Ligand code: ACM
């Protein structure tokens, strides 16, 4: 399967510019099976007022940005996972969607909100889900979900072979930690991070780039720069993520001692 990420710098609160940028990268790219875009790819990140979210957030799946992603998925005959600033009635969610050539497939609402996200977004109340696309099973988690190993573990126990990870990372740890998420679950991971500095009303964040694809053997199959916009693809065999044996006596899932894990 051809899988990849698009790393870019969204323009804050300008959905049309962001959508055009995504289109211009993806239309030029070769064909793919799965492409992952960053967290909040339609909106940017540094919100300081509800009115900013009102301007850009959309309902899923009938909003402008998701409809455009579906158009692109049809055009490229591939599946796309992207972060979306979602509005549902009076509340906002930091969500991701999966769409394909046949249209909308599903969404995930970020469960573990990071820092000031808690001022504007509601946390998702539904657990992690796995979706089948072509020969692969794919799950979604968003950015700070990485620090809770339960996120990737739940997805892997539900059969995910690829964990798609739209991100707006600001801490320096996740790219290394995702290697652990890969080996401890024997899955592929695709982190699509954003780049650039975003400033709003005295708040300034710099995002760390280095989007990456990791393998069930804890290899980095592709890694982007810290500060350039890049689209990258690799060819993976998702069957490799179905083998949970480490050696002939150790199986990652069968060897778990759940009877001793009560505190979890
Ligand atoms: C993050 O969860 N956007 C750091």
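Numbering (my numbering), first residue to last: 962 to 1225.
For each residue, glycine too, the CB sits at the ideal point set by N, CA and C.
Keep in mind that this is a model prediction, so the values were computed, not measured.
1) For residue 1192, which of 1139, 1120, 1171 and 1073 has the nearest alpha-carbon?
2) With which residues is residue 1126 paired in a DSSP beta bridge?
3) If contact is defined by three or more beta carbon pairs under 8 Å, each pair taking one atom from either stretch, is the region 1058 to 1066 in contact with the region 1026 to 1039?
4) According to the Cβ coordinates, are residue 1085 and residue 1071 closer than 9 Å?
5) Alpha carbons only, please: which of 1129, 1013, 1092 and 997 is nearest the one belonging to residue 1074?
6) Got a sec, what are the start and stop residues for the alpha helix (DSSP H) residue 1010 sits in?
7) Inspect the beta-carbon positions of residue 1060 and residue 1089 and report whether they are closer than 9 Å.
8) Quick one: residues in its chain with C-beta nearer than 8 Å to the C-beta of residue 1016, no 5 flanking neighbours on either side, listed in chain order?
9) Should the region 1216 to 1223 be called in touch with the region 1135 to 1144, which here means at least 3 C-beta pairs below 8 Å?
10) Is it the case that the CB of residue 1124 approaches a heavy atom of the ligand ACM more closely than 8 Å?
11) Could you tell me which residues DSSP pairs with residue 1046 in its beta bridges?
12) Sort out for me which residues DSSP pairs residue 963 with in a bridge.
13) Drop a sphere of 10 angstroms on the beta-carbon of residue 1163, count the other beta-carbons inside from all chains shown, and report buried for 16 or more, exposed for fewer.
14) Out of 1082, 1110 and 1150, state which residue places its alpha-carbon closest to the alpha-carbon of residue 1121.
15) Please classify residue 1139: does DSSP put it in a helix, a strand, or coil?
16) What is the DSSP secondary structure of residue 1003, reduced to helix, strand or coil?
17) Straight-line CA distance for residue 1107 to residue 1144?
18) Does the ligand ACM have a heavy atom nearer than 8 Å to the CB of residue 1078?
19) Excluding the five sequence neighbours on either side, which residues of its own chain have a C-beta within less than 7 Å of the C-beta of residue 1206, listed in chain order?
20) Any heavy atom of the ligand ACM closer than 8 Å to the CB of residue 1007?
In short:
1) 1171
2) 1152
3) yes
4) yes
5) Out of 1129, 1013, 1092 and 997, 1129 has the C-alpha closest to the C-alpha of residue 1074.
6) Looking at the DSSP string, residue 1010 is not in any alpha helix (DSSP H), and its letter there is neither H nor E.
7) no
8) 974
9) no
10) no
11) 1055
12) 1196
13) exposed
14) Minimum Cα distance to residue 1121 is reached at 1150.
15) helix
16) coil
17) 14 Å
18) yes
19) 1212
20) Distances taken from the Cβ of residue 1007 to the heavy atoms of the ligand ACM include none shorter than 8 Å.
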